Structure formats: C-alpha cells, structure tokens
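Please read the structure below before turning to the comments.
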Amino acid sequence: MRTLGIGWLMVVVGFLYLPISVMMLMSFNASPFYTLPIEWTGHWFAQLAQNERLLDAGRNSLLVATVTAVIATICGTTAALVLGRGTFRGKRLFQILLLPPMAIPWLIIGTAMLVFFHWSGIGRGLHAMILGHVALSLPYVVLVVGTGIQTLKPELEEAAMSLGSTPAHAFFAVTLPGLMQSIIAAGLFAFAVSLDQFVVSYFLAKPGVTTLPVEIYSSIRKGFTPEINAISTLLLGVSMVLVLAFAWLSNLGSAAHERR
Amino acid sequence: MLLPTYGILAISVFLPLAVMAFFSILKRSPFDPGPLTFTIDNYLVFARRPYLIDVAWTSIQLGLWTTGACVAIGLPAALALAKATRGQSQKILFFLIILPFWSNGLVRIFSWTMVLRDGGVLDYAYHQLFPSAAPLGLLYSFPAIVIGLVHAYLPYMILTCYLSVSAIDDQFLEAARSLGARWPTLFLKIILPLAMPGIVAGSVLIFVPVIGSFMEPRILGGKTGVTMGTVIEDQFTQAFNWPLGSAMSFVMLGFILVLFGTFAGALKTRPVAAA
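Residue numbers (the working numbering), protein chains in the order written: chain A, 1 to 260; chain B, 1001 to 1275.
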C-alpha cells in the first residue's frame, strides 16, 4: 500500500510538471513549429531581446506588480493590525467582506470592474489594473499578516511599555520588527498575485498598454511563436523564485515561533 | 485605519458589482444616446435563446468532470502524502505539489497545447510506437479543456484533502485493521467519511472558478470551447452588449452564491487554509 501511494504521488508530480517542462524545453527548440525531436538553440531568447512589444509588456507587469505589492502591503497590514488587535462592533462583517474578492470568479469581478471603471471615468490602463490587482491581493495580505499577529505575543509590547516606552515607540520597536517577516512574505505574495493575474488585466488593458500575460494571450490567439515560450520560461522562473522566497520566509517565521 | 483597505475594496469590487447590477436591468447601454429604459429582458435571455441552456450545461459538465477528476486523483495523492510519507520527504513532496500553483495560470494552460497538439509530445511518442496510426487529435476538444483545468486546480484538492486526511488518527485505522477490516472497508467506512469536509471544500473551490473560466476553453477547446465564460466575455469584448453580459454574470454569480450557501458548513472549517 505504501509503495503504491508513493508511486501515485510520483505520477501526480510528473503530471504537474510535464507540460511546464515541455514548454521550457521548446523555448530552446530551433523549429518555430515545435517539431520534434528538439534541435537546440538560444535563438528565441535572442529574438526576445529585440521584441519591444513583449519587453514593454514585461516592464508594465513589473511596474504594476511592484506598485500593487507596496499599496496592498501597507493598507493590508494596517487593516490586519486593527482586525487582529481590536475588538469592536462589526469586526466580523469586515472579515467577511474580505471573502468576495477571493471567492467570486475573476471573470465576474473583471467585467464588473470594466463596467464601473468605464462608467465612472476611472477608465482603463495601468492605473485601473493596479486598483484591480490591489483589491485581489489585499485579502491575502490581511490573512498572512493576521496569522503573523496571532503568533506574536501582546505581552511583549506591554512589557516594553511598562519599561517606559510610549505606545508608538513600543509598536515601532517591538511589534513591527516582530511582524517584519510576515509583512515581507505578504508583499511577495501580493507581487506574485499581480504578476500572475491575467483575467482582470485582460478586461482593464488599454489597447497598446498591456501586461505580459495579456500580451502572451493575444500572441497565442494570433498563432504562437517560440518567443512566447522564451518569455514564459522567464516568467515561470521569476514566479518560482518568488515562491521559494515566500516559503523560506514563512518557514523562518514558524521556526522562530517554535523557538519562543 | 481600515479605510484604505475597505475603500479600495469598495472601489474595485463592491461598487463595480452594484453598478453591474444596475447595468443588467437596462435595455441598452447608457453610453448610447437616448433615455434610460429598464427591463428584465436580459435575465430572460435563457428562455429566448435556448442554445444558451446548452452552453450553461457545457459549463456545468466542465465543472463536474474537472472536479470529479480532481477528487479521483487528489484524494489518493493526499492520502499517500499524509500516511505514506513523513519528515523531510513529505515536506519536499508537499512543496513540489504546491509550487506549480504559483506559476502563471495562462502559461500553464498554454504549455498544454505543446503536449496535446498533433505532432506534440504525446502524439509524437504515440507515433514512435505506432508509426502508421492516425493523429491523436487531442487538442481542441472537451477532454483537452478538462485536462488543462485539472492541472490548474488539482493542488487545491490535494491541499484540502490533505488537511482532512492528516487529522485522521492512525490508531483508528490500526484498530479497524486488527478487528479484521480490509482495505475497501477501511476506505469506505473510515477514511472517506472523515475526508469528506476536505473533498467538499476542495470541490467548491474548484467548481466555482471552473464554471467562470474562459481563457482555458478558448486556448485548449478552440471552436468546441464555447462555455458561459466565453459567452460572457464576448458580450464585453466583441458584441459590446454590456447589459446582457452583466445579466449573465449575475445569473452565474447567483448560482455560485447558492453553491456557497449549500456548502457553507464544509467551507467554514478552513476558508483560510484552502486559500
């Protein structure tokens, strides 16, 4: 039974990585029609360096993801502190209001944003995408930082204050450093959510100003070129590094928690 | 302190949904000249265009097949992960399963086209074995969409099932076994009932986004991939009938809310861990 179980897990992992590895390998294949067997080349990556459309979209993606991460982390952390420490009426309602952005399909949220942004004059473009991405990543930031707050002992802050700290000083000297790991992890999370987001960006993109996934989608629809594989390979690489950093940070957090 | 967060959520989620509700009862887009006229016609579209019932049924079938396949693959995997591995190797396997989840969803769907297309990896391997066989023709079919969606959402199911299954005390299983229970009995009488909250939570978390999917059916289904998702997308990007698209979005949203309401109990136990 045990060997059967391990065998099945191997099959599942194989299934999960098969298409991703094939796509990465194809970005090194000389044939533009993905003909097998593979003839190795770095040609498509060199082509990519010339492709202004894709590079522009890539720069936009990084810009949107960075701004999203900064805004979502700051807003989400303050909200998490209030929700985690405070006791007030309606707190439960505020927590429930975090669920819709995570639970409603992106198609519905994305089209609703398109309707409202167009109707209200906010319009489409990078700023609209940032608004959308921030809304989608905020709940996750509140959750990640909120978990961090739960593992932090309020006694530490009280101890600092009984030793003569002002509440503000105690917060910045004790609470915030203790939360730093969760906050950075939440920021990475928001960055990854934004970088991966396609559906909402697709509806909010202005013609000519797109992010990488939107540009990749229209290239796929027009007929593929291996340059798409090359840029996708790079994009996957960035996402994986982000996740590794996130996992490492949250692991550090739990290890520190165990030591306490 | 709460204002920035909930202000942004209001501007980007709640107000848009409210305005969309308003659009859905308009006869035509308010951007067109002329006075606003209200109607519920948009909600009667399923009665007036019977093919939409078929499209909705395709979406539901897509959801059922994807969810079913995720249970069939994910539950045994979660069981194996929880009971057959431990320590460092468990950690690594767990991580390997979660990792693809954080790569770009669009890119992962796109990558399946290279595996499934005629002349792609599967077709190539098949013809190495049977050189004179006809092309497999896997891409641009209903199964292709299901494969892509299963690949996209399987980690959800493994995660939620793992949380349920790992809570099962090994002593239960030992006791049942020492009383003479065989594997099928063990599975049906102990493991399955105890894993049920995880299965239900995973199923809802998979079914909901699947019936709202449009990029997956477009890329992997080609012309056969007409779903509610693609029909709604068309109203916004091709037909520019925003009131109709809004109404269809709201019908879908209503359906989803009913689902959440029905399975709220199973979801409440761990809405956070699953996300």
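Positions of the beta carbon are idealized from the N, C-alpha and C atoms, including for glycine.
From a predicted model like this one, the values you see are computed outputs, not experimental measurements.
> In terms of residues, what are the limits of the alpha helix (DSSP H) holding A:F15?
Replying inline: R2 to M26
> Going by beta carbon distance, what residues of the same chain come within less than 7 Å of B:I1097, once the five residues before and after it are set aside?
Replying inline: Cβ-Cβ distances below 7 Å link B:I1097 to P1155 and I1158 in the same chain, with the five nearest sequence neighbours on each side left out; the list follows chain order.
> Between B:I1191 and chain A, is there a C-beta pair that is closer than 7 Å?
Replying inline: Not an interface residue.
> Are the beta-carbon atoms of B:P1016 and A:F116 separated by less than 7 Å?
Replying inline: yes
>> What does the Cβ neighbour count give for B:W1057, buried or exposed, with the cut at 16 atoms within 10 Å?
In response: Counting Cβ neighbours within 10 Å, B:W1057 comes out exposed, since fewer than 16 surround it.
> Looking only at its own chain, which residues have a Cβ that is under 7 Å from the Cβ of B:R1270, when we skip the five neighbours before and after it?
Replying inline: The pLDDT assigned to B:R1270 is 48, lower than 50, so where the model puts this residue is not dependable, and the model offers no usable value.
> What residues are listed by DSSP as bridge partners for A:N29?
Replying inline: Partner residues in the beta bridge of A:N29, as assigned by DSSP, are A:W40.
>> Below 8 Å on the Cβ atoms is my contact criterion, and I expect A:M182 with A:V145 to pass it. Report the Cβ-Cβ distance as a whole number of Å.
In response: One detail in the question is off: residue 182 of chain A reads as Ser in this sequence, not Met. Right, their Cβ atoms sit about 5 Å apart.
> What residue range is occupied by the uninterrupted alpha helix (DSSP H) comprising B:F1110?
Replying inline: G1105 to L1116
> Going by other Cβ atoms of all chains shown within 10 Å of its Cβ, with 16 needed for buried, is B:D1123 buried or exposed?
Replying inline: buried
> Taking 7 Å as the CB-CB cut-off, is B:P1135 touching chain A?
Replying inline: no
> When DSSP labels each residue in this structure, what does B:V1226 get in the three-state scheme?
Replying inline: coil
>> Counting only C-beta atoms, is A:V22 closer than 7 Å to chain B at any point?
In response: yes
>> Suppose contacts are defined by Cβ-Cβ distances below 7 Å. Is B:F1263 in contact with B:V1210 by that definition?
In response: One thing to note: B:F1263 has its Cβ no nearer than 7 Å to the Cβ of B:V1210.
> Using a Cβ-Cβ cut-off of 7 Å (strictly less than) and excluding sequence neighbours within five positions of A:C75, which residues of its own chain qualify?
Replying inline: L138
> Would you call the segment 1001-1017 of chain B and the segment 90-110 of chain A touching, i.e. three or more CB-CB distances under 8 Å?
Replying inline: yes
> How many whole angstroms separate the CB atoms of B:S1111 and A:I20, which I take to be in contact at a CB cut-off of 8 Å?
Replying inline: 6 Å
> How do the segment 1138-1156 of chain B and the segment 1218-1233 of chain B stand: do at least 3 beta-carbon pairs fall below 8 Å, yes or no?
Replying inline: Yes, since at least three Cβ pairs between the segment 1138-1156 of chain B and the segment 1218-1233 of chain B fall closer than 8 Å, the two stretches touch.
> By DSSP, does A:S250 sit in helix, in strand, or in coil?
Replying inline: Reduced to three states, the DSSP call for A:S250 is helix.
>> Measuring alpha carbon to alpha carbon, tell me which residue in A:I228, A:S194 and A:L234 is nearest A:V67.
In response: A:S194
> Going by beta carbon distance, what residues of the same chain come within less than 7 Å of A:L54, once the five residues before and after it are set aside?
Replying inline: Result list for A:L54: L48, E215, E227 and I231, in chain order.
> Would you call the segment 1115-1135 of chain B and the segment 1037-1049 of chain B in contact, with 3 or more CB pairs under 8 Å?
Replying inline: no
> Beta-carbon separation of B:S1114 and A:V22 under 7 Å?
Replying inline: Looking at the sequence shown, residue 1114 of chain B is not Ser but Met. A contact, by the Cβ cut-off of 7 Å.
>> Based on DSSP bridge pairs, tell me the residues matched to B:L1079.
In response: For B:L1079, which the question treats as bridged, DSSP gives no partner whatsoever.
> How is the alpha helix (DSSP H) around A:I149 delimited, first residue to last?
Replying inline: L126 to T151
>> For a test of the three-state rule: what should DSSP assign to B:I1097, helix, strand or coil?
In response: helix
> At which residue ranges does the segment 1129-1195 of chain B contain complete beta strand (DSSP E) runs of 3 or more residues, listed in the order of the chain?
Replying inline: none
>> Contact criterion: CB-CB distance below 7 Å. Does B:T1224 meet it with respect to chain A?
In response: No, its Cβ sits nowhere closer than 7 Å to a Cβ of chain A.
> Would you call the CB atoms of B:F1236 and B:S1024 closer than 7 Å?
Replying inline: no
> Are there three or more Cβ pairs, one per stretch, closer than 8 Å when the segment 107-125 of chain A is compared with the segment 1245-1261 of chain B?
Replying inline: yes
>> Excluding the 5 residues flanking A:A173 on each side, which residues of the same chain have their C-beta closer than 8 Å to its C-beta?
In response: A160 and S165
>> I want to see whether chain B comes within less than 7 Å of A:M10, judged by CB atoms only; does it?
In response: no
>> By the 7 Å beta-carbon criterion, what residues does the segment 1016-1028 of chain B contribute toward chain A?
In response: P1016, L1017, V1019, M1020 and F1023
>> So for A:K222, helix, strand or coil by DSSP?
In response: helix
>> For a minimum of 4 consecutive residues, which ranges assigned as the alpha helix (DSSP H) are wholly contained in the segment 47-133 of chain A?
In response: 52-85, 91-96, 99-103 and 106-120
> Counting only beta-carbon atoms, is B:A1264 nearer than 7 Å to chain A?
Replying inline: no
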